[in-house]
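Undergrad:
There are 2 protein chains.
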Amino acid sequence: MKNKLKIIKIGGNIIDNENSLDQALKDFAAIKGDKILIHGGGKLATNISRTLGIETKMHEGRRVTTEKELEVVTMVYSGLINKKIVVKLQQLGCNALGLSGADANAIVSEKRAVHEIDYGFVGDVKQVNHQTIDVFLKNNLTPVFSAITHDMKGQLLNTNADTVASEVAIAMSKNYETELVYCFEEKGVLQDIRNPKSVIPFIDARLYAELVQRGVIHTGMLPKIQNGFDALQHNVAKVIIGDSSAINNDTVLFTTLVL
Amino acid sequence: MKNKLKIIKIGGNIIDNENSLDQALKDFAAIKGDKILIHGGGKLATNISRTLGIETKMHEGRRVTTEKELEVVTMVYSGLINKKIVVKLQQLGCNALGLSGADANAIVSEKRAVHEIDYGFVGDVKQVNHQTIDVFLKNNLTPVFSAITHDMKGQLLNTNADTVASEVAIAMSKNYETELVYCFEEKGVLQDIRNPKSVIPFIDARLYAELVQRGVIHTGMLPKIQNGFDALQHNVAKVIIGDSSAINNDTVLFTTLVL
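Those protein sequence lines, which keep their order, are chains C and R. Here this note's numbering is used: the first residue of the first sequence is 1147, the next is one more, and so on. Here this note's numbering is used: the first residue of the second sequence is 1147, the next is one more, and so on.
The structure is reproduced here in structure tokens:
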């Protein structure tokens, strides 16, 4: 039987709020057994870019990662936020190891090809070196990933943190029974955005299509759920969407994706 | 017989110059066998602090690391510079693993006590967890340290990179025959600062005292040499000061410290 492994992704809204972050890290540190944390960026990078006078370049409503912005997200995600999380986890007795995808060649990506839109220095994940991550876990280290990856040709690339989480979960499923938790500010996917308790307990592909059509699921939640289904289709045992109380299933209110 | 291990510290002036950095990383990647890189910060953190409007606080001529400045050095040293070095080494085929002292609890420090001067968030190294660093080396990973450490109580601390290098070298000497190279912009300790070839080949404690008295060695070179002698006194096999051609002894021009 495979060992269990929990992969937790915490989003920007949790990172922006000191109390939410502290609570999420306590819940994460309390996981018994092997675990991996993947974190997004939050508003800090945008604020620092603005203060540094770096213009945010948009193309048809979507952000473009210029060379200067890549420097800022590398500083903020892999430096400030990653080390802040690592030092807090160390304090909680969790032997955290902060990583970008370039470190130990853990996550290799490819610069997104230019079609209609040039997204700049944005990478799509090509390969997760699960053997190396396994070495860390076997030595009681807890990997903490920022969503910066590399192309093995000397280029760092900004990568979607939800996708990094699902790709790491898929790769680790070769040797582990893997559970993926998308942890954000709500208790789950909500039927009614004005009612925080209207959590939809289970979403399968059919309900998902219906919810998208009815406009219940939109914007930021769409790629999260798509990544979640992708993970389930590639041998990830369980995918959950909820707040940090869902990390250790200390609540009954969260959304489980089912195939 | 112990395996050999080279510990290379590259200073700020090398990091500030793209060509010098590339050359130093090529020389570092070419080292056969186990190796560790420790890097300083360079002028980037000062420039970014200034652009962000963070006032550099000085106390009797020495810089104080305020909370805001600690955030900047964490971003710049452990984020931007560390990942830039890691991604370049990966390109060169060296499986680099970027680390701060908080990662894997590798380097524990203590906030410097306030006597006449309050240096702010500055740490003095207390413990280097050589077993964990050994795990990385045994798995063919090359640790790349920024000089940010932690106190295990949730506080990151800015630490002198020369000291981090000597402390890591001393700790690793338990299991390795360790060589420490302080790599900077000159070919070694110079007899005459205006003559770049006037390298002093050997410096022992007696000559060191004489050179200090004559004013040949001063400012930034003083702690480097003191750290070097400290390393020699604690079982480090060899300490060299030179430019990056000294990393693989591809030159005869460098300074060797001798007890």
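Where a beta carbon is used, it is the ideal one built from N, C-alpha and C, also for glycine. This structure is a prediction, so every number in the text was calculated from the model and none was measured.
Mind pulling the chain C residues with CB within less than 9 Å of residue 1301 of chain R?
TA: Under the 9 Å cutoff, chain C gives 1233, 1237.
Undergrad: I want to know whether the stretch 1172-1188 of chain R touches the stretch 1155-1162 of chain R - three or more CB-CB distances under 8 Å.
TA: The stretch 1172-1188 of chain R, when compared against the stretch 1155-1162 of chain R, does touch it at the 8 Å Cβ threshold.
Undergrad: With three or more C-beta pairs closer than 8 Å as the rule, is the stretch 1298-1310 of chain C touching the stretch 1344-1359 of chain C?
TA: No, the stretch 1344-1359 of chain C is not in contact with the stretch 1298-1310 of chain C.
Undergrad: Check the DSSP bridge columns for residue 1326 of chain R and list the partner residues they point to.
TA: Bridge partners of residue 1326 of chain R: R:1153, R:1385.
Undergrad: In three-state terms, what does DSSP make of residue 1198 of chain R?
TA: Of the three classes helix, strand and coil, the one that applies to residue 1198 of chain R here is coil, per DSSP.
Undergrad: Which residues in chain R sit within 8 Å of residue 1246 of chain C, going by Cβ to Cβ distance?
TA: Result: 1229, 1232, 1244.
Undergrad: Cα separation between residue 1170 of chain R and residue 1236 of chain R?
TA: So the alpha carbons of these two residues sit roughly 14 Å apart.
Undergrad: Rounded to whole angstroms, what is the Cα-Cα separation between residue 1220 of chain R and residue 1151 of chain C?
TA: Whole-angstrom Cα-Cα distance: 30 Å.
Undergrad: Go through its chain and collect everything with a Cβ distance to residue 1373 of chain R's Cβ below 6 Å, but skip five positions before and after it.
TA: So the qualifying residues of the chain are 1308, 1309, 1312.
Undergrad: For residue 1312 of chain C, report the span of its alpha helix (DSSP H) as first-last.
TA: Start and end: 1307-1318.
Undergrad: What are the residues of the stretch 1168-1184 of chain R that lie near chain C, defined by any Cβ-Cβ distance shorter than 8 Å?
TA: Result list empty, no residue passes.
Undergrad: Say whether the stretch 1373-1392 of chain C touches the stretch 1322-1332 of chain C, bearing in mind that this needs 3 or more beta-carbon pairs closer than 8 Å, one atom from each stretch.
TA: With a cut-off of 8 Å, the stretch 1322-1332 of chain C and the stretch 1373-1392 of chain C count as touching, because enough Cβ pairs lie within range.
Undergrad: Flag this pair as touching only if the stretch 1282-1301 of chain R and the stretch 1240-1255 of chain R have three or more C-beta atom pairs under 8 Å; answer yes or no.
TA: At 8 Å Cβ cutoff, the stretches touch.
Undergrad: Let me see if you follow: with CB-CB separation under 7 Å, is residue 1280 of chain R close to chain C or not?
TA: Not one chain C Cβ lies under 7 Å of residue 1280 of chain R.
Undergrad: Measure from the alpha carbon of residue 1250 of chain C to the alpha carbon of each residue in C:1273, C:1258, C:1349, C:1279, then state which is nearest.
TA: It is C:1279.
Undergrad: Using a threshold of 7 Å, state whether the C-beta atoms of residue 1304 of chain R and residue 1202 of chain R are closer than that.
TA: No, Cβ-Cβ distance for residue 1304 of chain R and residue 1202 of chain R is not below 7 Å.
Undergrad: Say the cut is 6 Å; is the CB of residue 1169 of chain R nearer than that to a heavy atom of the ligand NAD?
TA: Ligands in the displayed structure: none, and consequently the ligand NAD is not present.
Undergrad: Apart from the five residues on each side of it in sequence, which residues of its chain come closer than 7 Å, Cβ to Cβ, to residue 1253 of chain C?
TA: Within the same chain, residue 1253 of chain C has close Cβ partners 1247, 1271, 1274, 1295, 1310.
Undergrad: Could you spell out the range, first to last residue, of the alpha helix (DSSP H) harbouring residue 1169 of chain R?
TA: First-last of the alpha helix (DSSP H) with residue 1169 of chain R: 1164-1175.
Undergrad: In the stretch 1331-1399 of chain R, which residue ranges form an unbroken beta strand (DSSP E) of at least 3 residues, counting only runs that do not cross its ends?
TA: Here the runs fully enclosed are 1384-1388.
Undergrad: Considering only their Cβ atoms, is the gap separating residue 1388 of chain C from residue 1334 of chain C smaller than 7 Å?
TA: Cβ atoms of residue 1334 of chain C and residue 1388 of chain C: closer than 7 Å.
Undergrad: By the criterion of Cβ-Cβ separation under 7 Å, what are the contact partners of residue 1251 of chain R in chain C?
TA: Those within 7 Å of residue 1251 of chain R in chain C are 1236, 1241.
Undergrad: Could you tell me if residue 1149 of chain R is buried or exposed, where buried requires 16 or more neighbouring beta carbons within 10 angstroms of its beta carbon?
TA: Residue 1149 of chain R should be labelled exposed.
Undergrad: DSSP beta-bridge partners for residue 1401 of chain C?
TA: Answer by DSSP bridge pairing, in chain order: C:1387.
Undergrad: Kindly say whether residue 1276 of chain R, judged by its beta-carbon, lies nearer than 7 Å to any beta-carbon of chain C.
TA: No - not a single Cβ of chain C is within 7 Å of the one on residue 1276 of chain R.
Undergrad: If residue 1195 of chain R and residue 1215 of chain R are in contact, beta carbons under 8 Å, what's the gap, nearest whole angstrom?
TA: The Cβ separation is near 6 Å, so the contact holds.
Undergrad: Buried or exposed for residue 1193 of chain C, going by 16 or more other Cβ atoms inside 10 Å?
TA: When all chains shown are included, residue 1193 of chain C counts as exposed.
Undergrad: Under 7 Å, Cβ to Cβ, is there at least one residue of chain R near residue 1224 of chain C?
TA: Chain R contact via Cβ: present.
Undergrad: Taking residue 1153 of chain R as the reference, which of R:1402, R:1318, R:1362 has the closest Cα?
TA: The residue with the shortest Cα to Cα distance from residue 1153 of chain R is R:1318.
Undergrad: How would you list, in chain order, the residues of chain C whose beta-carbon sits under 7 Å from the beta-carbon of residue 1287 of chain R?
TA: The contacting residues are 1250.
Undergrad: Among C:1405, C:1176, C:1175, C:1226, whose alpha-carbon lies nearest the alpha-carbon of residue 1355 of chain C?
TA: Nearest C-alpha to residue 1355 of chain C: C:1405.
Undergrad: Taking residue 1379 of chain C as the reference, which of C:1276, C:1218, C:1315, C:1390 has the closest Cα?
TA: Checked all of C:1276, C:1218, C:1315, C:1390; the closest Cα to residue 1379 of chain C is C:1315.
Undergrad: Run down chain R in chain order and give the residues with a C-beta less than 8 Å from the C-beta of residue 1365 of chain C.
TA: Within 8 Å Cβ-Cβ: nothing; residue 1365 of chain C doesn't reach chain R, min ~28 Å.
Undergrad: For the stretch 1184-1199 of chain C, which residues have a CB atom closer than 7 Å to at least one CB atom of chain R, in sequence order?
TA: Residues passing the 7 Å Cβ filter: 1197, 1198.
Undergrad: In or out: residue 1228 of chain C buried (at least 16 other Cβ within 10 Å) or exposed?
TA: Buried is the call here.
Undergrad: Got a sec: is the Cβ-Cβ distance from residue 1221 of chain C to anything in chain R below 7 Å?
TA: Residue 1221 of chain C counts as touching chain R.
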